[in-house]
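Keeping their order, the protein sequence lines are chains A and B.
Count the first sequence with this note's numbering and you get residues 1 to 198, in order.
Count the second sequence with this note's numbering and you get residues 1001 to 1198, in order.
Protein chains: 2
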Amino acid sequence: MYPQTINNLIECFKKFPGIGEKTAERLALSCLNMEDEMIELFVKSLKDSKTKIKTCEKCGNLSEDTLCDICKDKSRDSSILCVVEESKNIVLFEKIGTFNGRYHVLGGLISPLDGINPEDINISSLIKRIKAENIKEVILAIKPTVEGETTALYIRKLLEGTNVIISKIAHGIPMGADIDYIDSLTLEIALSERSQIS
Amino acid sequence: MYPQTINNLIECFKKFPGIGEKTAERLALSCLNMEDEMIELFVKSLKDSKTKIKTCEKCGNLSEDTLCDICKDKSRDSSILCVVEESKNIVLFEKIGTFNGRYHVLGGLISPLDGINPEDINISSLIKRIKAENIKEVILAIKPTVEGETTALYIRKLLEGTNVIISKIAHGIPMGADIDYIDSLTLEIALSERSQIS
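If you want it as structure tokens, here you go:
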């Protein structure tokens, strides 16, 4: 019942995750009230996202160049590597601002049921990189699901016999959370990974 | 921390109503996984939304032509006019499929506090249209807020002394709703606008 252009816009918005019929309609209609410059920037960014965005040759992070800003930054400690599942995880760590090492993006987690095997994600490049560059510590910052644990275990196996320290980020009760509302699995991990304080 | 293109995309998505930082980030990143054809259609639709979409000269509905599909449709009853606030309301009425008259889009409601006066919305064109075309009934399908009631009252005043029947859509308990959870204002209206059934 809308003109074809608006129907097309609605269909496009519906392709995005978490956007349903109603939201897509609202977003499409709000395009009509946007300034021309905004739409132009939007159009340009969408096109650029297909042409300019590559993955960093070294770490797999999103980048417009062959190497990403983090890999290019010579002030960073290249002996410590934080292994993450996706590029967007890097952004989260960078927001904290306390980590000064480098990253490696796996681009997925091992999940045989979904047809994702070790060779489908950036594990071989990680191992190569650890051996080639003088990496002292590898921090596994992977989510604690079955897939995450499998991937972590696999990486540990591959690095057996090397001198690289392998660590993983801590799991436990989130800061400020009420213990009453924490799931039992998290509570179990928090208990088993307790640390002595005096 | 993302490449510039992705930051631009995030900023664009954030301009949409109801889209915050996190959602904008999710939407921008999902553009990277979309097929080229999808992005091309999106880009084209966005451009078209600025160039092709006009408002119908007669009723104010969104249209790609001078007249919208409803105004062009000669099979529709042109003696009955349904007055709505926005174009998207038309889509809702058209989905029911029982109304065969025509529409008039006000493009807003009178709201002096927000600086919207009668001359800022399509009221004069409505009155002209009612007088020029042989309109027998005007249905006010405007929401029952202060602004809506003001607008309805204003239109009624302007049509005083003419033979046009003015009606408004019914307000009351929504079908299937539990009376326990209905606000008292709706209940009051439902009570005062009760109809005799035997």
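Just so you know, even glycine gets a beta-carbon here, dropped at the ideal spot from N, CA and C.
C-alpha gap between residue i and residue j, whole angstroms
i, j, result
"glutamate 1035(B)", "valine 1164(B)", "54 angstroms"
"valine 1083(B)", "proline 1003(B)", "48 angstroms"
"glutamate 133(A)", "aspartate 120(A)", "23 angstroms"
"aspartate 77(A)", "isoleucine 53(A)", "25 angstroms"
"valine 43(A)", "lysine 1047(B)", "7 angstroms"
"isoleucine 1096(B)", "serine 1030(B)", "35 angstroms"
"histidine 104(A)", "asparagine 61(A)", "7 angstroms"
"aspartate 1178(B)", "leucine 1187(B)", "11 angstroms"
"glutamate 85(A)", "cysteine 1068(B)", "50 angstroms"
"isoleucine 1116(B)", "threonine 1145(B)", "15 angstroms"
"glycine 18(A)", "glutamate 57(A)", "31 angstroms"
"threonine 1066(B)", "valine 1091(B)", "19 angstroms"
"isoleucine 182(A)", "glycine 176(A)", "11 angstroms"
"leucine 1185(B)", "leucine 1191(B)", "10 angstroms"
"arginine 1102(B)", "glycine 20(A)", "29 angstroms"
"isoleucine 197(A)", "aspartate 180(A)", "23 angstroms"
"isoleucine 70(A)", "isoleucine 1070(B)", "57 angstroms"
Neighbourhood of residue i by C-beta distance below 7 angstroms, restricted to the same chain and skipping five residues each side
i, result
"asparagine 89(A)", "Ala141"
"lysine 1022(B)", "none"
"threonine 5(A)", "none"
Chain B residues whose Cβ lies nearer than 9 angstroms to that of residue i
i, result
"arginine 26(A)", "Phe1016, Pro1017, Gly1018 and Lys1088"
"glutamate 94(A)", "Met1001"
Per-residue contacts from residue i into chain B (C-beta, under 7 angstroms)
i, result
"lysine 58(A)", "Correct list: empty, because the minimum Cβ distance to chain B is about 15 angstroms."
"leucine 41(A)", "Asn1008 and Cys1012"
"valine 105(A)", "Per Cβ cutoff of 7 angstroms: no residues; valine 105(A) is ~13 angstroms from chain B at best."
Beta-carbon neighbours of residue i, restricted to chain A and to distances below 7 angstroms
i, result
"serine 1063(B)", "Pro3"
"aspartate 1048(B)", "Thr5"
"aspartate 1036(B)", "Lys50"
"serine 1045(B)", "Thr5, Asn8, Leu9 and Cys12"
"valine 1091(B)", "Met1 and Tyr2"
Neighbourhood of residue i by C-beta distance below 6 angstroms, restricted to the same chain and skipping five residues each side
i, result
"isoleucine 139(A)", "Cys82 and Ser167"
Neighbour list for residue i in chain A, Cβ cutoff strictly below 9 angstroms
i, result
"serine 1111(B)", "Correct list: empty, because the minimum Cβ distance to chain A is about 17 angstroms."
"methionine 1175(B)", "Ordered by position in chain A, no residue passes the 9 angstroms Cβ test against methionine 1175(B), which lies about 19 angstroms from the chain."
From the options, residue whose alpha carbon lies closest to that of residue i
i, options, result
"isoleucine 1189(B)", "Ala1170(B), Cys1056(B) and Ile1197(B)", "Ala1170(B)"
"tyrosine 154(A)", "Ile182(A), Asp178(A) and Ile123(A)", "Ile123(A)"
"glutamate 1040(B)", "Lys50(A), Leu159(A) and Leu41(A)", "Lys50(A)"
"asparagine 8(A)", "Glu57(A), Glu25(A), Pro17(A) and Cys59(A)", "Glu25(A)"
"serine 1045(B)", "Cys56(A), Ile10(A) and Gly18(A)", "Ile10(A)"
"serine 1075(B)", "Glu1057(B), Phe1099(B) and Leu1106(B)", "Phe1099(B)"
"arginine 129(A)", "Thr23(A), Thr55(A) and Cys59(A)", "Cys59(A)"
"leucine 113(A)", "Ser192(A), Leu159(A) and Thr150(A)", "Thr150(A)"
"serine 195(A)", "Leu185(A), Ile173(A), Glu86(A) and Tyr181(A)", "Ile173(A)"
"leucine 199(A)", "Gly20(A), Ala152(A) and Asp180(A)", "No answer is possible for residue 199(A): it lies beyond the span of chain A, which begins at 1 and ends at 198."
"lysine 143(A)", "Asn117(A), Leu106(A) and Gly115(A)", "Leu106(A)"
"glycine 1161(B)", "Asp1065(B), Thr1055(B) and Ile1127(B)", "Ile1127(B)"
"serine 1087(B)", "Asp1180(B), Glu1064(B), Thr1055(B) and Pro1118(B)", "Thr1055(B)"
"lysine 157(A)", "Ser192(A), Leu191(A), Glu193(A) and Pro118(A)", "Pro118(A)"
Whole-number beta carbon distance between residue j and residue i, since they are thought to touch under 8 angstroms
i, j, result
"leucine 1027(B)", "phenylalanine 1013(B)", "5 angstroms"
"lysine 1136(B)", "isoleucine 1080(B)", "6 angstroms"
"methionine 1038(B)", "lysine 15(A)", "6 angstroms"
"serine 111(A)", "glutamate 147(A)", "4 angstroms"
"glutamate 94(A)", "methionine 1001(B)", "5 angstroms"
Cross-chain neighbours of residue i in chain A, by beta carbon under 8 angstroms
i, result
"serine 1030(B)", "Phe16 and Pro17"
"aspartate 1077(B)", "What aspartate 1077(B) touches in chain A: nothing, since even the nearest Cβ is about 18 angstroms away."
Neighbouring residues, chain B, relative to residue i (Cβ below 8 angstroms)
i, result
"isoleucine 53(A)", "Pro1003, Thr1005, Ile1006 and Leu1032"
Closer than 6 angstroms: residue i CB and nearest the ligand SAM heavy atom
i, result
"leucine 92(A)", "Among the components of this structure there are no ligands whatsoever, and the ligand SAM is therefore not found."
Sequence-distant residues of its chain with Cβ nearer than 8 angstroms to residue i (five each side left out)
i, result
"leucine 159(A)", "Ile127, Ile130, Val138 and Ile166"
"glutamate 64(A)", "Lys52, Ile53 and Lys54"
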